Each structure stands twice: as structure tokens, then as C-alpha cells.
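For the protein sequence lines, the chains are A and B, in the order given. Our numbering applies: residue 2 is where the first sequence begins, and numbers increase by one. Our numbering applies: residue -2 is where the second sequence begins, and numbers increase by one. Glycine residues also receive a C-beta, built at the ideal position from the N, C-alpha and C atoms. These numbers were taken from a predicted model, which means no experiment stands behind them. Scroll down for the structure; my scribbles are underneath it.
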Amino acid sequence: MSADAPLFQIDGLTIDSIRADRRRRIVQDVSLCVAPGQIYGLVGESGSGKSVSMMASVGLATTGLAVQAGTVRFGGVVQQAVDQRGLKQNLSHGISLLFQNAKGALSPFLATGAQVGRVLDRQAIPRADREARISELFRVVGLNHADLGGKYPHQISGGQAQRVAMACALATDPKLLIADEPTTALDVTTEREMLRFLKRLCEDRGLAIILVAHNLSLVSEYCSGLSILHAGQVVEDGDLGAIFDEPLHPYTQGLIAAVPDVDEPHELIPIAGSVWGGSADIDRCRFSHRCPFAMPRCDAGIPTGIRTRGRNVHCVLYDEAAS
Amino acid sequence: MNAPVLAVRNLTKLFADAARPDAMPVGVRGVSLEVARGEVVGLIGESGCGKTTLGRCIARLLDPDSGEVLVRDVPFSALKGHSLRNFRKNVQVVFQKPETCLNPRMTVAVFVREALRNFGIVANNAEARKRLVELASLVGLREAALEQYPHQLSGGERQRVAIMRALACEPELIVLDEPTSALDVSVQAQVLRTLKDLQTVVGTSFLFISHDVAVIRYMCARVLVMYLGVVVEEGPVEAVFGRPAHPYTRALLAAAPRIKPRAVDPIALRGELMLGDVRLDECPVRVRCPLAHARCVEAPPEFDLGDGHRSACWLSADTASRSVSPTAMKAAS
């Protein structure tokens, strides 16, 4: 469904981390595809490479990271991810970012209204319209400019700070919002409000969102598409409903069994080992050391996305089923 | 019934904001609770509700403004000097971030042995070694990890070391303050499983503090829901999760993210906790409560719904058989 007119598409993104004399492939051949107005979930445990691949896909890979391969397609233009500088220049209009720590993202020396104004100043908004635009942006994110515009970040709550960061992100009128754990620092009741607000934005303005999260239960309610990452490899991706109804990859199954449930408590089944506990070799499945179904073939290679039952699963278990 | 391991009576500990002396102080206001031997009691609430403050007062990391903490009928909160020092072994704490409580310059064995020797639990190093191996197997830590430093361990292993250190003192009660919040789901599942198994083997009482309602439901037999320093609802988990009586509890449960989302979203709180809006003599939830009405300007008492299930909400008055002690926001003195 998202294949007909993708807004944002990453293909074969591969990133190495270089630290001293050690070189490690931390993101291997990651691809994903987001349609306009879609909320797409990117889930994985810490260190699985979800933030790194998002940052590199908009040209913000930090030092110590070397993008090896991959293309990014946004609004019909295809660019090489290796050219981080070019990516950053071309994507800074049209894509906005939202981070976990909203208070850290805001300047402590500027009143919230002025922060939003700074973003507007980069776009040559006529002086006369500027104040009206700021009030409008505050209204969109559910804040009152008259009350909060003059306050500094330390004077407002975490939820309000995240909304101000949101207003800054929307000030450039983006087509895509990359929200990296936007609610992890918030309380559950505030979190729900924030996510509902994001969902409404998608419905009203056709904004697409990539929701990066470590919590599977967070994406289940709001996203329509999903990629699950483990040690820099996509293990399963596609339609969220299909994946949750019938998880196929052993890692997805493991993640779902490990999450405690509020309504029907069940025995938790932990996944043994840790994300990077096994081999970090390039041409093999990196989940095999934690996998209950591991077999010798897992060390030999990883099938690239077997299309079955509404999703792609990257596991040799389903190799025969597809052919 | 046997005497509770922990009894907290009317405990108050408030922190005033020096920059805004007129704003309402946050903390714990007149909370009472009991934990029986071998019981796992959960404490849930959002940030700022006072759950950590309560945990710290119980472990005597903070001294309460008023009220008392009894551990095995000994008034822990009144002890001083040597008797306090010796008594501390009975209440141990596991914190959210194990990194902050482990010594980076000590191997696990040296670190835990300090706890063992400090309270005279073992006489010599040979005995300590034997006990260390036992403890490691209890918390599911591989024996080789005993000779390693914290930075060589994974996050889950470090939290196991913190639990192991708490257990080493052979305490009556362990206060677990968000022990798995910093961990990934797969590791969280490992640690929760370990804690649950451990609890059945050792029989230590746990006070489990968390903001994650699903984790509390998995771990605990009884639960207390806190909001702005007071307990708004308490009772057995099946009752509180199955038939939540207080609007705040209902909102908290409804807001929890789920793998299988619920079709209906019955109740939601308005806005966020704003200290400036709350008045001391009214129901603390009133300003955010969707069911607030005229009576809520007066703080409700706790109403007994049977089976130890209590709710501090006027709406529970009709279903309750009788009201218990008047509670809620006692004016800060």
C-alpha cells in the first residue's frame, strides 16, 4: 500500500562505526518506506541502530560513523547516503526532528515564543506575519501563546516543553517528522495525549511520521507500518497489523512474549543474551546466538526479506515457504 | 495475622520550592501502609507523586517530617547512632540505575563482600566466598562475573549485582525503586523473572516502586496508587486492576500502552499536573478529574470497598460499606 507513492524511502543503508582501530558494522542494509500521512514505527532494543540509521538518513551522522552505502529518496529525488553533507542540505526543508529530551532540545536562554520565532526567521517570514505565525503554531500544538510564549524552558512542564519542540519542528512546515522516542521522558497520561496529537496531525495535514521507539506496545496503537531492528539488521518489516497478529521472526515473537500485559498478566519469557552478544559478522544472522530455532544455516547468511503474509521476514526459517 | 514486616504510619515528608514559597510543597502527605512477611507490595504513580520519597523515607535515606516507620515493630524512624547503623541491614534498597550504586573500582566480589562483612554476616573471607557463590546463583549471575568490574558487565547483570548486594545483608524488606526502568524489554523480563523466583525462594518482602502498571501487575499481590503525595487507591491487584474505583487509577490504567490496544478509551485526565492549580483542602485530582463535581472541593476520606480495597473518591462513597479514617490532603503544617 505504501509502495505506490512513497514519501520517504531508505534503501540499503549501511553504516560502520570506527572507534580507534576497531571497525564494526552497526547498521546493515536497512531499508524502509513511508507513505504520506503514515505513522511508521521503528522498534528495537537500545544499541540496535534505530537512531543512528535515522540520523544518517537525513545527513546527521556523527563523527566516528562512516556511511558505507545506501540511498535516500525524498519527494521523488534520490540521493546517496554517503554524501551526508548533500543530504543535510537538501533534506533540512521538508523533514523535522523531535527528540526524547525536549528540555535539552530547547535553549535555556530563550523564551519559548522566541525559540519558535528563530525557526521562522530562517525562512524569511514577513515581520508582520511573524507574531501571528508563532501564535498559530502554539495553537496547533495545543498551547496558549499568550500564557506560555514568554516563559523559559525551566518554567514549563516536560509535556509542554515537548509541545514547544513540536511547534519548532512544525514551523518549517515539514512533510515528514522523525520522532525519536518523543514520549519516553513523559508520564503515561501525557504520553497518550502527545501520541494522539501526533496522530491527529497526520490525519489533518498529511504529515508522515517515523516513530522511533524501544517499546513495542507504544507503536501498536498508532502506527500502520513497522520495522523491527536487531543489531543493525531489519528482522521483520511490513504491515503492523499482520506482524502483531502473527509475528513470524523469532525475535519479534520473543519481544512480544517479554512485554508484561496490563489486562491479562502472563508469565514473561525473556530473550536470552544481549543485542551485540553474538557475532557482528556481516553475512550472517546476528540474532542466532539468542534464537531458540538457530541452525547452522543461520551462520551462512541472512535471506533478504522473504515476502509472506503481509510482511517481509528476514529469517531462514521461512526460506522454503516463499519459494 | 502475623505482625507486618513494615508498617508506615501517617508519614509526611514535604519539599518546598525555595524559589516559589507560595507554591504547594511536593512529597508525601500522611501516608500509611503495611507490608506483611513475604508480601510484594507495589507503589504506582506518575513522576512527582512522592513514591520515591516514600521509599527513601522507609529506607531512612531521608528523615520524615512526621509520622513513623516501624520495621518488625521497631520504630526505625526514631533510631539513632549505633542502633540505627545495625538496624539498617533490615531494609535494603535497589535503585533504578545500577551504575550509580556500584563502585567502579571494585570487582563484584569485593563490592558485595563489603556488605557481607559490614554487618558481620560472615566471619572470614572463606565463608564470604562461599556465600558469594550462593548469592550469585540466586540472582542468576554467572560465577565468572564475580571477578569482573561493573563496566565489564551488561546493564541487566549490573542490576543483578545491585539485587545481590541488597540480598547479601539478609534484609527483612527490600525497597525496589524502578529497578527495571532503565533496562530493555528483553532484559527487563529476565530481571523480573529473577526477582519473582527469588521472592518465592528467599521470602523477603518487597516494596516495588514503578510507574509501569504492567510491571506492577506482573510482580505484586497488593498495590497502592499515589497521586500528589497521597494514596488515592489501594488493594489487591485483581481488585485495583480489574475494578478500579478511583478516576485517577482508571485513567492511569487506560493510558498504559498495550500490545493489543483496547477499543474503548473510557476516561482521560485533563492536562498535566500543575502544582499551582491544586489547593490543599480539596481532592488532589479535582483539577484534572473528568468526573469532578461540587463535593470534590472537600478532600474525600478513604472508602472501604471490601477485601482491603480502598478508594479515596467521593464517587466510591455509594458503593462503600463504611468509611475508614479521614485521609487525603492534610494541610501541611
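**Asked** At least one CB of chain A closer than 8 Å to the CB of Q187/B: is that the case?
**Response** yes
**Message:** For L195/B and D60/B, I'd like the C-alpha separation in whole angstroms.
**Reply:** 30 Å
**Prompt:** Rounded to a whole number of angstroms, what is the C-alpha to C-alpha distance between P323/B and I160/B?
**Reply:** Only weak support exists for where P323/B lies, its pLDDT of 46 falling under 50; the value from the coordinates is given anyway. The straight-line gap from Cα to Cα measures roughly 37 Å.
**Request:** Mind checking which residues open and close the beta strand (DSSP E) that includes N145/A?
**Result:** That residue, N145/A, is in no beta strand (DSSP E); it is neither H nor E in DSSP.
**Item:** Bridge-paired residues (DSSP) for A180/A
**Value:** L99/A and L212/A
**Nearest residue (CA-CA) to L8/B, options G226/B, F205/B and G268/B** = G226/B
**Prompt:** Taking Cβ positions only, does S225/A come closer than 8 Å to chain B?
**Reply:** no
**Message:** Give me, in chain order, the residues of the same chain whose beta-carbon lies closer than 8 Å to that of I307/A; leave out the 5 immediate sequence neighbours on both sides.
**Reply:** N313, V314, H315, C316, Y319, D320, A322 and A323
**Asked** On the premise that A36/A lies in contact with A70/A, defined as a C-beta separation below 8 Å, what is that separation, rounded to the nearest angstrom?
**Response** With 8 Å as the limit, A70/A and A36/A do not qualify as a contact, their Cβ atoms being about 24 Å apart.
**Message:** Rounded to the nearest angstrom, what separates A180/A and K127/B at their Cα positions?
**Reply:** 50 Å
**Asked** Just how far apart, CA to CA, sit R162/B and Y215/B?
**Response** 24 Å
**Prompt:** Residues of chain B with a CB under 9 Å from the CB of F294/A: which are they?
**Reply:** The premise fails here: F294/A is roughly 16 Å from chain B at the closest Cβ pair, so nothing lies under 9 Å.
**Request:** For A190/A, decide whether its Cβ has a neighbour in chain B, counting only Cβ atoms nearer than 8 Å.
**Result:** It is worth fixing the name first, because residue 190/A is Thr in this sequence and not Ala. Yes - at least one Cβ of chain B is within 8 Å of the one on T190/A.
**Message:** Would P176/B and V188/B qualify as a contact pair, given that the criterion is a beta-carbon distance under 8 Å?
**Reply:** yes
**Asked** What is the residue span of the beta strand (DSSP E) that H250/A lies within?
**Response** No beta strand (DSSP E) contains H250/A, which DSSP labels as neither H nor E.
**Asked** Do we get a CB-CB distance below 8 Å when we pair S322/B with the residues of chain A?
**Response** Its pLDDT being 47, under 50, S322/B is placed unreliably in this model, and the coordinates cannot settle the point.
**Asked** Among the residues of its own chain, which have a CB less than 7 Å from the CB of A76/B, if the five just before and after it don't count?
**Response** It is Leu, not Ala, that sits at residue 76/B in the sequence shown. F84, listed in sequence order.
**Message:** Counting C-beta neighbours from all protein chains within 10 Å, is the total for Q81/A 16 or more, i.e. buried, or is it exposed?
**Reply:** exposed
**Prompt:** What in chain B is Cβ-close to E46/A, meaning under 9 Å?
**Reply:** D181, V182, S183 and V184
**Prompt:** Which residues, taken in chain order from the segment 212 to 225 of chain B, show a beta carbon closer than 8 Å to some beta carbon of chain A?
**Reply:** V212, R214 and Y215
**Prompt:** Taking any Cβ of chain B, which residues in the segment 220 to 247 of chain A have a Cβ under 8 Å from it, in chain order?
**Reply:** S221, E222 and F245
**Item:** Nearest residue (CA-CA) to Q156/A, options A120/B, D14/B, G305/B and C286/B
**Value:** D14/B
**Request:** Spell out whether any CB of chain A is found under 8 Å from the CB atom of F116/B.
**Result:** no
**Message:** For the alpha helix (DSSP H) containing E131/B, name the first residue and the last one.
**Reply:** N122 to L135
**Request:** Answer with buried or exposed for D274/B, where buried requires no fewer than 16 other C-beta atoms within 10 angstroms of its C-beta.
**Result:** exposed
**Message:** If you measure between the beta carbons of G311/A and A232/A, is that distance less than 8 Å?
**Reply:** no
**Message:** Does G294/A pass the burial test, meaning 16 or more other C-beta atoms within 10 Å, or should it be called exposed?
**Reply:** For the record, residue 294/A in the displayed sequence is Phe; it is not Gly. F294/A is exposed by the Cβ-count criterion.
**Request:** Pull up the DSSP beta-bridge partners for K10/B, would you.
**Result:** V25/B
**Message:** Could you tell me the alpha carbon to alpha carbon distance between D282/A and A67/A, rounded to whole angstroms?
**Reply:** 17 Å
**Message:** Tell me the residue span of the alpha helix (DSSP H) that contains C299/A.
**Reply:** R298 to A301
**Request:** Indicate the three-state DSSP secondary structure (helix, strand or coil) for G239/A in the structure shown.
**Result:** strand
**Item:** Beta bridge counterpart(s) of G232/B as assigned by DSSP
**Value:** V220/B
**Asked** For the alpha helix (DSSP H) that N313/A lies in, which residues bound it at each end?
**Response** Not the alpha helix (DSSP H): N313/A falls in the beta strand (DSSP E), residues R312 to V314.
**Asked** Are at least three pairs of beta-carbons, each pair with one atom in the segment 126 to 134 of chain A and one in the segment 77 to 93 of chain A, less than 8 Å apart?
**Response** no
**Asked** Checking contacts by CB at 8 Å: is V28/B closer than that to chain D?
**Response** Judged by its chain identifiers, the structure shown contains no chain D, and its protein chains are A and B.
**Message:** Quick check on I244/A: does DSSP put it in helix, strand or coil?
**Reply:** helix
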